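Asks: Dropping the structure in here first, questions after.
Numbering (the working numbering), first residue to last: 13 to 297.
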C-alpha cells in the first residue's frame, strides 16, 4: 500500500482518505502487536510466537445476530460433541441428583442453554487453551465442559462455596479428572489475589467471570483475573447481555472494561431476556 504522503500527491482531494489510511495502519499495527508477542521476520509466514489469530480462532461464531443460536444452525459452521461427552454429562447429572437430595435448590447454570454449551466446547478445544480460570463453580456445569472437551486442560475455579452441593460436585469432577481441577473456596475478591501471589506460574488462556452477581464483585473479578491472563487470552462474561436480571444489573461492568480499553468484545448473544453471555479478550498494549 502506498504511504499516506504518496497517496496525497496522487489525489489532492484525498485529505480525508489520508487520515483514514493512517488510522487503518495504526489499527493494524496495534492488532498485530496484540496477537504476536515477537515481530515476524517474514509477515507472509506463520510465526511460531503468535499467541493466536483471533479471526481464525473464532471463525465458528456467527455474524450479524445478537440472539444465541446453536452452532449447528449457523451458516457454514461445523460442530460435534466431544467423544464420550454424553457419558460424562449423564454421570454429572447422577452425582448432582444425589447432592440435591433433601430438596436443595439448584442455582441457574450454563447447562440449561445448549447454545452456550456449544460455544464453550469450541473454546475449550482451541489449540492454545491449556489453562482455564473461572470464578463461579456452582454445580460445575461449565467446569465439566472445560474438562470433558479436551484432554490435559487444567481448570482453576474460584467459588464462595455457599451451596451445599458445590463441594460434592467438585469432588465428583476431581475423581473423574484427577489432577486437572483445582477449586479454591472463599470470597474471590480475596482468594484470587492470594492465589496469584502463591502461584505466579499459573497463567490463564481462557477466563470466565461468573461469580458474585454484584457490580463490585464482578469488577474485582475482572481486575484480578486480568492479572492472571496470558497475553493471548479469551474472556467470557456470563449473563450479559440481557434485558432483565443479572445482565441488566451488571452491564456497566463489561461495558466499562470495553470503554476503558482493557477489554475488546468479540461476540455476545442473548437467550430470552435473562440469559446470555459475552466473549472478548483482555488487551495489553
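Every residue, glycine too, gets a C-beta built ideally from N, C-alpha and C.
Because the structure is a prediction, the values reported are computed rather than measured.
1) Would DSSP call residue 277 helix, strand or coil?
2) Just the Cα atoms here: how many angstroms apart are residue 301 and residue 167?
3) Under 7 Å between the Cβ atoms of residue 247 and residue 184?
4) Indicate the three-state DSSP secondary structure (helix, strand or coil) for residue 203 in the structure shown.
5) Determine the direct distance from the alpha carbon of residue 271 to that of residue 211, and round the result to whole angstroms.
6) List the whole-angstrom C-beta distance separating residue 195 from residue 149, where the pair is believed to meet the contact cut-off of C-beta under 8 Å.
7) Closest to residue 137 by C-alpha separation, out of 162, 128, 147 and 273, would be which residue?
8) CB residue 165 to CB residue 223, shorter than 7 Å?
9) Below 8 Å CB to CB, which residues in the same chain sit around residue 283 once its five sequence neighbours on both sides are set aside?
10) Work out the CA separation of residue 253 and residue 260 for me, nearest whole Å.
11) With burial defined as no fewer than 16 other Cβ atoms inside 10 Å of the residue's Cβ, what is the status of residue 177: buried or exposed?
12) Of all the beta strand (DSSP E) runs that stay within the bounds of the segment 224-280, which reach a length of 3 or more residues?
Replies: Result, derived from the coordinates:
1) Position 265 of the chain shown, counted from the start, is the residue given in the question as residue 277. Of the three classes helix, strand and coil, the one that applies to residue 277 here is strand, per DSSP.
2) With the chain running from 13 to 297 in the structure shown, residue 301 is simply not present.
3) Residue mapping note: residue 247 aligns to position 235 of the chain shown, counting from 1. Residue mapping note: residue 184 aligns to position 172 of the chain shown, counting from 1. With contacts defined by Cβ atoms closer than 7 Å, residue 247 and residue 184 do not form a contacting pair.
4) The residue labelled residue 203 in the question sits at position 191 within the chain shown. The answer is helix: DSSP assigns residue 203 an H, G or I state.
5) For this step, residue 211 is matched to residue 199 along the chain shown. For this step, residue 271 is matched to residue 259 along the chain shown. Residue 211 and residue 271: Cα-Cα distance of roughly 30 Å.
6) The residue labelled residue 195 in the question sits at position 183 within the chain shown. The residue labelled residue 149 in the question sits at position 137 within the chain shown. For a cut-off of 8 Å, the C-beta gap from residue 195 to residue 149 is around 6 Å, short enough to register as a contact.
7) Locating residue 137 in the chain shown gives position 125, where the first residue counts as 1. Comparing Cα-Cα distances from residue 137 to each of 162, 128, 147 and 273, the minimum goes to 162.
8) Within the chain shown, the letter at position 153 stands for residue 165. Within the chain shown, the letter at position 211 stands for residue 223. Result no, Cβ atoms of residue 165 and residue 223 do not sit closer than 7 Å.
9) Along the chain shown, one-based indexing puts residue 283 at 271. Taken in chain order, the residues that qualify are 79, 80, 125, 127 and 128.
10) Reading the chain shown from its first residue, position 248 is the one you call residue 260. Reading the chain shown from its first residue, position 241 is the one you call residue 253. C-alpha separation (whole angstroms): 7 Å.
11) To locate residue 177, count along the chain shown from 1; it is residue 165. Buried, because 16 or more other Cβ atoms sit within 10 Å of the Cβ of residue 177.
12) Taken in chain order, the whole beta strand (DSSP E) runs of length 3 or more contained in the segment 224-280 are 241-250.
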